[in-house]
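Following this note's numbering, the numbering of the first sequence begins with 3 at its first residue and continues without gaps. Let me begin by presenting the structure, written as C-alpha cells, before commenting on it.
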Amino acid sequence: MAWWLMKSEPDVYGIHHLQAEGTTLWDGIRNYQARNFMRAMEIGDRAFFYHSNASPPGIVGLMEVVETGLVDPSQFDAASKYFDPASKPEAPRWDCVRLAYRATFPTMLSLEALREAFSVEDLPVVRRGNRLSILPVSDASAARLFRLLGVEPDA
DNA sequence: GCCAACGTTGGC
DNA sequence: GCCAACGTTGGC
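Next up, the structure:
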C-alpha cells in the first residue's frame, strides 16, 4: 500500500465536495508526471488531500484509491476545459483514478507547518514553486504526517 | 537537438 | 498582481 499527496483547489473541488459525493473521478490531470503517478496507484492506496491556491494551503483530509486505470472522459469532451484534441479514443492519452472520501482531519496541516517539519527531500510539496499536483509520499513521511496531525493512520 | 518564448501552477 | 518554477512548443 502506497501513500500519495493530491492537490485540488478548494474553490473548484475541495474536501467538502468529496465528503458530500463519497467518491470522485480525479480527472483533468494534464501533466505526464502526475499521470504516471496515477498509473502507479493501486486499489487501497491512500492519498492526502491537499488544498492548493487556498489561504492557507495545506493538507486537510484523507482519501482512498478505489478504482484505477480509468480513461479520463474529459479529454474527449469538446465543451470541457480539459478537452485534448490530440487525444484519440483508440489511444487515450490521459487516464485517472477514482478516490473515496475517508476523513477530514480535525486540524489542517498548513504548508507553513509542513515546511517546519519536512525537508524538500522528505516531502517535495514543500519545495518553493512546486507545481506537481500529484506526489508520492514515503511510508516514513506518511507516519510523520499522522503524528503531526494527531490521528491514527487507519482513522 | 538546442533554446527562446510561452503558458500554467501556485504561493504570497 | 507578481513572480518563481518548470513543462511544452516551435523555429532553426
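Don't be surprised by glycine CBs; every beta carbon is placed ideally from N, CA and C. Fair warning: this is a prediction, and the values are worked out from it, not measured in the lab.
Taking 8 Å as the cut-off, does the stretch 31–44 touch the stretch 134–150 (at least 3 CB pairs, one atom from each stretch)? Touching, yes.
Quick check on DSSP: helix, strand or coil for residue 81? Here residue 81 refers to the residue found at position 79 of the first sequence. In the structure shown, residue 81 falls within a coil segment according to DSSP collapsed to helix, strand and coil.
As assigned by DSSP and simplified to three states, the class of residue 148: For the purposes of this step, residue 148 is taken as residue 146 along the first sequence, with counting starting at 1. Residue state, collapsed to three classes: helix.
Please report how far the alpha carbon of residue 131 lies from the alpha carbon of residue 83, in whole angstroms. Taking the first sequence and counting its residues from 1, the one referred to as residue 131 is at position 129. Taking the first sequence and counting its residues from 1, the one referred to as residue 83 is at position 81. If you take the alpha carbons of residue 131 and residue 83, they lie about 24 Å apart.
Exposure of residue 9, with buried meaning 16 or more beta-carbon neighbours within 10 Å: For the purposes of this step, residue 9 is identified with residue 7 of the first sequence, where counting begins at 1. Answer is buried; the Cβ neighbour count reaches 16.
Under a Cβ-count criterion, where at least 16 other Cβ atoms within 10 Å of its own Cβ denotes burial, should residue 77 be classed as buried or exposed? Counted from its first residue, the first sequence places residue 77 at position 75. Classification for residue 77: buried.
Please list, in chain order, all residues of the same chain as residue 97 whose beta carbon is under 8 Å from its beta carbon, the five residues on each side excluded. Within the first sequence, numbered from 1, the residue matching residue 97 stands at position 95. Answer for residue 97: 37, 40, 41, 71, 72, 73 and 74, listed in chain order.
Any non-hydrogen atom of the ligand GDP within 8 Å of residue 86 CB: By its list of ligands, the structure shown contains no ligand whatsoever, and the ligand GDP lies outside what it can speak to.
Completely contained beta strand (DSSP E) runs for the stretch 3–72, where each covers 3 or more residues: Scanning the stretch 3–72 from its first residue to its last, the whole beta strand (DSSP E) runs of 3-plus residues come out as 5–10, 25–27 and 48–53.
With DSSP as the reference, identify every bridge partner of residue 159, one or two as the case may be. This structure cannot speak to residue 159, because the chain is shown only from 3 to 157.
Flag this pair as yes or no: are the beta carbons of residue 134 and residue 33 separated by less than 9 Å? If you number the first sequence from 1, residue 134 lands on position 132. If you number the first sequence from 1, residue 33 lands on position 31. Yes.
Length of the line joining the Cα atoms of residue 52 and residue 79: What you label residue 52 is simply residue 50 of the first sequence in a count that begins at 1. What you label residue 79 is simply residue 77 of the first sequence in a count that begins at 1. Spanning the two alpha carbons is a distance of roughly 27 Å.
In terms of residues, what are the limits of the alpha helix (DSSP H) holding residue 137? Indexing the first sequence from 1 puts residue 137 at position 135. Where residue 137 is concerned, there is no enclosing alpha helix (DSSP H), although the beta strand (DSSP E) it sits in stretches over 136–139.
By the 10 Å Cβ neighbour count, where 16 or more other Cβ atoms means buried, how is residue 3 classified, buried or exposed? Against the first sequence, residue 3 aligns to sequence position 1. By the 10 Å Cβ count, residue 3 comes out exposed.
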